[in-house]
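Undergrad: Each residue of the sequence shown is one higher than the last, beginning at 1 in full-length UniProt numbering.
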Amino acid sequence: MPEISFNNRKLHYLQMGSGPEWLIAFHGYGNNASIFKDLAAELGERYTVLSFDLPFHGGSSGWPDDSAFLKDDLVALMKSIQALTGAESFSLMGYSMGGRVCLCVAELMPEIIKQILLIAPDGLVFNSFYYFVTHVAAGRYLFRKFLTSQSIYAPVINGLRKLHLLDISRYRFVMHYLESEQSRHMLLKVWPAMRMLIPDHKKLKENISRDSIPIHIFMGQFDRVIPVKLARQFSKDLPTVHLHVLAKGHKLLDGRSNTEIASVLL
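1. Can you find the residues in the same chain that come closer than 8 Å, C-beta to C-beta, to Ile213, ignoring five residues on each side of it along the sequence?
2. What's the call for Lys202, buried or exposed, on a 16-neighbour Cβ count within 10 Å?
3. Considering Leu23, what are the terminal residues of the beta strand (DSSP E) in which it resides?
4. By DSSP, does Leu147 sit in helix, in strand, or in coil?
5. With distances taken Cα to Cα, identify the nearest neighbour of Gly86 among Ile157, His176, Met194 and Trp22.
6. Going by DSSP, name the residue or residues bridged to Val241.
7. Rounded to a whole number of angstroms, what is the C-alpha to C-alpha distance between His57 and Gly30?
8. Here's a check: name, in chain order, each residue in its chain whose Cβ is nearer than 6 Å to the Cβ of residue 276, leaving out the five neighbours to either side.
9. In chain order, what residues of the same chain lie with their CB nearer than 6 Å to the CB of Asp38, ignoring the 5 residues before and after it?
10. Could you tell me whether the segment 128-144 touches the segment 224-240, using the rule of 3 or more Cβ pairs below 8 Å?
11. With a threshold of 9 Å between beta carbons, is Phe36 in contact with chain C?
12. On a Cα-Cα basis, can you pick out the residue from Ser209, Glu260 and Leu252 that is closest to Asp237?
13. Return the Cβ separation of Phe173 and Val245 in integer angstroms, given the expectation that the two are a contact with Cβ distance under 8 Å.
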């Protein structure tokens, strides 16, 4: 099982394709490196794809429950990828949570990026709720209390739905990740683990503008989890950022969408 190690932690990855160009990919919450297999098959003659399992996903290991994936860790990972591939620069691709990882790379190491492809990406704007439940002591306490007590979370979510404060798409999305104890335990580990990978949007946009980094953002027209308006807000005044809207929801990685996404990279 191929993996990259740093600070006694290991990130497993899949290598797919055999093309001369390198594409580094990061999956979304609850997925793993294999989510890009079909897309990588369409890119195989041009790209070699390295798709990584993020902390607490897939085959990655060595992450204590209370540890965070730091920005310094991300820099160390990218330098290890440079050493592994022998390439000074490469393209990046991220889906959902993995998009936030890509944006942090653009903030920290813009010089190594050829282009970025973001698919329904998290991190386009500052998420005050996520910051509250992962950085603020009171928020962390409430987050844990909420997820560890079914007598609390179920009535709250169902109440929001009955009051029409939570549409059916978001309701199904939330309940999918809360319906089992295992799912709730994973959320308690993953959200805190990724809490430090929040892009500094001022620095990020300065880098994109200065280095003219090509960025393609694919969004689902009917996505209620990460709506299109966030991508429009992010891309304002950034001429190298191109928005593609597909007639889909949040789950964009399937046959037809893969073909449209691949066409941009090819």
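Even for Gly, the Cβ is constructed at its ideal location relative to N, Cα and C. Please read all numbers here as calculations on a predicted model, not as lab measurements.
TA: According to the structure data:
1. Correct list, in chain order: Ala106, Pro110, Ile113, Gln115, Ile116, Asn207 and Thr240.
2. exposed
3. Glu21 to Phe26
4. helix
5. Trp22
6. Ile215
7. 7 Å
8. Outside the shown range of the chain (1 to 266) lies residue 276, about which nothing can therefore be said.
9. Asn258
10. no
11. No chain C is part of this structure, which consists of one protein chain only.
12. Residue nearest to Asp237 within the set Ser209, Glu260 and Leu252 is Ser209 (criterion: CA-CA distance).
13. Their Cβ separation, rounded to whole angstroms, is 19 Å, which puts Phe173 and Val245 out of contact at 8 Å.
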